[in-house]
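Heads up, the thing below is written out as structure tokens.
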Amino acid sequence: MIRTGLMEIVRHKEIADRVFEMTVIGQQTTAMQQPGQFVHIRIAEHSEPLLRRPISICSIEQETLEFTMIYRVDGRGTQLLSQKRPGDSIDVMGPLGNGFPVVASPEVHAFLIGGGIGVPPLYELAKRLAESGVKMTIILGFQSKKDVFYEEQFKEFGDTFITTVDGSHGLPGYVTDQLALLQEVPSIYYSCGPHAMLHAVEAALPNIPGFLSYEQRMGCGIGACFACVCPTTKGNGDYVKVCSDGPVFQAGVIA
Numbered sequence: 116m117i118r119t120g121l122m123e124i125v126r127h128k129e130i131a132d133r134v135f136e137m138t139v140i141g142q143q144t145t146a147m148q149q150p151g152q153f154v155h156i157r158i159a160e161h162s163e164p165l166l167r168r169p170i171s172i173c174s175i176e177q178e179t180l181e182f183t184m185i186y187r188v189d190g191r192g193t194q195l196l197s198q199k200r201p202g203d204s205i206d207v208m209g210p211l212g213n214g215f216p217v218v219a220s221p222e223v224h225a226f227l228i229g230g231g232i233g234v235p236p237l238y239e240l241a242k243r244l245a246e247s248g249v250k251m252t253i254i255l256g257f258q259s260k261k262d263v264f265y266e267e268q269f270k271e272f273g274d275t276f277i278t279t280v281d282g283s284h285g286l287p288g289y290v291t292d293q294l295a296l297l298q299e300v301p302s303i304y305y306s307c308g309p310h311a312m313l314h315a316v317e318a319a320l321p322n323i324p325g326f327l328s329y330e331q332r333m334g335c336g337i338g339a340c341f342a343c344v345c346p347t348t349k350g351n352g353d354y355v356k357v358c359s360d361g362p363v364f365q366a367g368v369i370a
């Protein structure tokens, strides 16, 4: 059920270069049941910035009615959001979209592969998979050491590998470079990050069930404005809306 209303900020801090972790509290948290969904945040009470900002849900704590978001400051809206303080309120619409399906078998070995600001939605997924006894191998890719976050948190769930493009932390290169070094083959994989990374992950893990969460510019967040459409592999003008049909799709759906 989509809900809209004010939520109070209880914690807010910078955890990497221009990357902020914000925890809010409110009754809307009770509607957040699926990892990989997102919320749409109205940044200010006045008309500028006009559009809400989509931010993925990183962690859900039903007992305290809190949920946590992680976002990177990339423009006017997120810059204003970074100036919010504990005790302030923000207008939250959500949860939105379709998230990751959670397998529930200790016989499953899942690979979780995230890139940059695509890492956060994998954290709530990792929590759910851990509750089901699923074995996990986690690969997180960043541009540089200053961009790395949640390395220690993910280590609680399984073997965790870090890659950086400039080689300043972990394996130099991309997540697919780390994938190529692993001896084990997953039963299933989950990934979130830039389109190019997702396509590379798909190509590196053929014939294995996979679920990919796509990042896309959005306007309304509910499938009305068509700002986030992507072509599918069916061709002939077939498309999906990332906000309402996704953001999570089975591997092989998005062209």
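Residues in the sequence shown are numbered consecutively from 116, following my numbering.
In this text, a Cβ means the ideal position worked out from N, Cα and C, and glycines have one as well.
Asked                                                                                                                                                             : Found
If I measure Cβ to Cβ from S259 and keep anything under 6 Å in the same chain, skipping five residues before and after, which residues do I get?                  : T279, D281 and S283
In whole angstroms, give me the CA-to-CA distance for P216 and Q149.                                                                                              : 8 Å
Y305 and L255 look like a contact to me (Cβ under 8 Å); what is the Cβ gap, rounded to whole Å?                                                                   : About 12 Å separates the two Cβ atoms, so there is no contact after all.
Where does the unbroken beta strand (DSSP E) through D274 begin, and where does it stop?                                                                          : D274 to T279
With three or more C-beta pairs closer than 8 Å as the rule, is the region 241-257 touching the region 202-222?                                                   : yes
Using only the alpha-carbon positions, how far apart do V344 and K356 sit?                                                                                        : 4 Å
Compare the beta carbon distance of S197 and F153 with 8 Å and say whether it is the shorter of the two.                                                          : no
Starting from the N-terminal side, write out each stretch of the beta strand (DSSP E) that is 3 residues or longer and does not extend beyond the region 311-353. : 325-329 and 344-346
Are there 16 or more other CB atoms within 10 angstroms of the CB of I130, so buried, or fewer, so exposed?                                                       : exposed
Got a sec? Which residues, its chain only, sit under 8 Å from Y354 by beta carbon, not counting five neighbours each side?                                        : V344, C345, P346 and T347
Thinking C-beta only, is G308 closer than 8 Å to G361?                                                                                                            : no
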